[in-house]
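Colleague:
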Amino acid sequence: MPYDFETLPERRGTGASKWEAMLSDNPDLADDVVPLSVADMEFATPEPIKNALHRLIDETTLGYTEPTDAFYDACIAWQERRHGWKPERDWIVTSPGVVPALFTAVRAFTDEGDGVIIQPPVYYPFSMAIERTGRTILRNPLIEVDGSYRIDFDSLDRIAHSPEAKAIIICSPHNPVGRVWSEEELLRMVEICSDAGLVILCDEIHNDLILPGHVHHTLLKLATPEQARRIAVFTSYSKTFSLAGTLGSVIYIPDESLRKRFEDQHASEGFFGLNAFAFRSLIAAYDECEGWLDALIPVIDRNYRLLVDTLDGKLGGLRVIPLEGTYLPWVDFSAWGMDADEREMFLHKEAQLYLDGGAMFGEEGASFERFNIACPTWVLENALERLSAAYERLHDARKEIVQ
Ligand SMILES: Cc1ncc(COP(=O)(O)O)c(C=O)c1O
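Just so you know, numbering that gives the first Met the number 0 puts 252 at position 253 of the sequence shown, and the rest follows in order with no gaps.
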């Protein structure tokens, strides 16, 4: 079946977060300027999901909703087909998003003042979930080896065994550096953290967005039953199918007492039921949209190659970090010698390019920009042309000053 990855959906005026931010900075941008920031997609919603939501509105009413057999079966079958493991139905808990669920999990599994490990540069709400719940961030920064990111296992071992450490939030695949952690890397993380008695919160929201040649391993498939007793895995159909606005996530917690602590905490925060749109779209996505996802991955891969061909080692020495998963390539702009604010101003004003500045993912990211390439290829081509032209103007101006 042909899928449309070329038409740009109209999002102006719909409250779309990244569009609102861009247009509030400059309302007069040309129609073909598209923000390449916040991690949702500039592709039309897959037809089966649209049809399911139309039917929901046309044929019934939007009352309180909760998971049904069809919902649980869709989650289990998806994990079995796409990720080769079979969760039990009882393990499944739903939440209005991975981020709210992480807040709940930090509260449920740790006490105020406890330390929670993160590995920056990393998705910034991890820090929020720790700090805003009165816990302490323990940083184990990733290390760059030969242009790709690795885990600093020696340091992780030390921090995990410190008396204040009680939990870790792992990002797998890792947003923003685009790593799909290998089986060996995941096993080593689990071994260290289990040995230290930590609870492991593994955010696998990008698990379906894996580029050719790489394999995602869910932590619950690799862990021993004993290790799995202290693991919660956070997923969502919403990242895979660009349904973030439907606010839904699926969390797998095998251990009954860990799950009960999570559910009790979630309820005490006032979370009940399931968004009716999340319910319907998850079932349609998992049961009917696998073909769409299989057709999407080559588009992301094509866009990534375009980005590499245009930027890597070019434009004064930009560096594109190898992308293994997610649609969020990480690009090093340090060769430009600008600080983060200067660079943002330049990208906005001179290239009409709206990216996510790397500093938001931790100080290690200050010289980086995160691109979102889940958009029609022509949109990315236009953006890269604007960037190349802006760089040429900058280069010429710098030459003139030197002369
Ligand atoms: C690693 C990671 N976790 C969670 C989220 C957001 O999850 P949700 O929208 O379900 O709260 C994102 C969105 O970009 C993400 O990259």
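C-beta: ideal position from N, C-alpha, C; glycine also. The model shown is predicted, which means the values in this text are computed figures rather than measured ones.
Given this structure, state the Cα-to-Cα distance separating Arg397 from Thr223, to the nearest angstrom.
Modeller: Going by the C-alpha atoms only, they are around 58 Å apart.
Colleague: Report whether the distance from the Cβ of Ala205 to the nearest heavy atom of ligand 1 is below 7 Å.
Modeller: Just to set this straight, residue 205 is His in the shown sequence, not Ala. Checking the Cβ of His205 against ligand 1 gives yes.
Colleague: Under the rule that 16 or more other beta-carbon atoms within 10 Å means buried, what is Pro86, buried or exposed?
Modeller: Buried, because 16 or more other Cβ atoms sit within 10 Å of the Cβ of Pro86.
Colleague: Is Ile403 buried or exposed, if buried means 16 or more other CB atoms sit within 10 Å of its CB?
Modeller: This structure leaves residue 403 out entirely; the chain is present only between 0 and 402.
Colleague: Taking the CB atoms as reference points, tell me whether Val115 and Ala195 lie closer together than 8 Å.
Modeller: Their beta carbons are not under 8 Å apart, which means Val115 does not touch Ala195 by this criterion.
Colleague: Across which residues does DSSP place Gly356 in a beta bridge pair?
Modeller: For Gly356, which the question treats as bridged, DSSP gives the partners Glu368.
Colleague: Let me check understanding here. Comparing Cα to Cα, which of Phe4, Glu262 and Ala382 lies closest to Thr309?
Modeller: With distances taken between Cα atoms, Thr309 lies closest to Ala382.
Colleague: For a test of your reading of the model: does the CB of Ile170 fall under 7 Å from any non-hydrogen atom of ligand 1? Yes or no.
Modeller: Note that residue 170 is Cys in the sequence shown, not Ile. Checking the Cβ of Cys170 against ligand 1 gives yes.
Colleague: Quick check on DSSP: helix, strand or coil for His173?
Modeller: Strand at His173.
Colleague: By Cβ distance, which residues of its chain are closer than 8 Å to Phe270, with the 5 residues on each side in sequence left out?
Modeller: Ser94, Pro95, Pro99 and Thr103.
Colleague: Could you give the distance in angstroms between the alpha-carbon of Phe152 and the alpha-carbon of Arg187?
Modeller: C-alpha separation (whole angstroms): 8 Å.
Colleague: Between the region 47–57 and the region 67–77, do at least 3 Cβ pairs fall closer than 8 Å?
Modeller: No: the two stretches stay apart, fewer than three of their Cβ pairs being nearer than 8 Å.
Colleague: Rounded to the nearest angstrom, how far is the Cβ of Glu323 from that of Leu210, given a contact under 8 Å?
Modeller: Glu323 to Leu210, Cβ: 6 Å. Contact.
Colleague: I think Leu185 touches Leu218, with their Cβ atoms under 8 Å apart; what is that distance to the nearest whole Å?
Modeller: Confirmed, about 6 Å.
Colleague: Give me the Cβ distance between Ile117 and Phe125, rounded to the nearest whole Å; I'm assuming they're in contact under 8 Å.
Modeller: About 5 Å; that satisfies the 8 Å criterion.
Colleague: Can you pull the DSSP bridge partners for Glu143?
Modeller: Beta-bridge pairing links Glu143 to Tyr148.
Colleague: Would you call the region 342–349 and the region 275–282 touching, i.e. three or more CB-CB distances under 8 Å?
Modeller: Cβ pair count under 8 Å is below three, so no.
Colleague: Which one of Phe332, Gly14 and Arg80 has the shortest CA to CA distance from Tyr285?
Modeller: Of Phe332, Gly14 and Arg80, the residue nearest in Cα terms is Arg80.
Colleague: Under a Cβ-count criterion, where at least 16 other Cβ atoms within 10 Å of its own Cβ denotes burial, should Asp27 be classed as buried or exposed?
Modeller: By the 10 Å Cβ count, Asp27 comes out exposed.
Colleague: Smallest Cα separation from Glu41: which of Asp3, Gln264 and Gln78?
Modeller: Checking every option, the nearest Cα to that of Glu41 belongs to Asp3.
Colleague: Report buried or exposed for Glu163, applying the criterion of at least 16 other Cβ atoms within 10 angstroms of its Cβ.
Modeller: Label assigned to Glu163: exposed.
Colleague: Can Phe233 and Ser248 be called in contact, C-beta distance under 8 Å?
Modeller: Contact: yes.
Colleague: Assuming Leu35 contacts Cys374 (C-beta within less than 8 Å), just tell me the rounded distance between them.
Modeller: About 7 Å; that satisfies the 8 Å criterion.
Colleague: Measure the Cβ-Cβ separation of Ile372 and Leu306 and say whether it is below 8 Å.
Modeller: Yes, these two residues count as a Cβ contact at 8 Å.
Colleague: Measuring CB to CB, does Ser241 end up less than 8 Å from Thr44?
Modeller: Going by C-beta atoms, Ser241 is nearer than 8 Å to Thr44.
Colleague: Determine, using beta carbons only, whether Ser171 and Asp145 come nearer to each other than 8 Å.
Modeller: Taking 8 Å as the Cβ cut-off, Ser171 and Asp145 do not qualify as a contacting pair.
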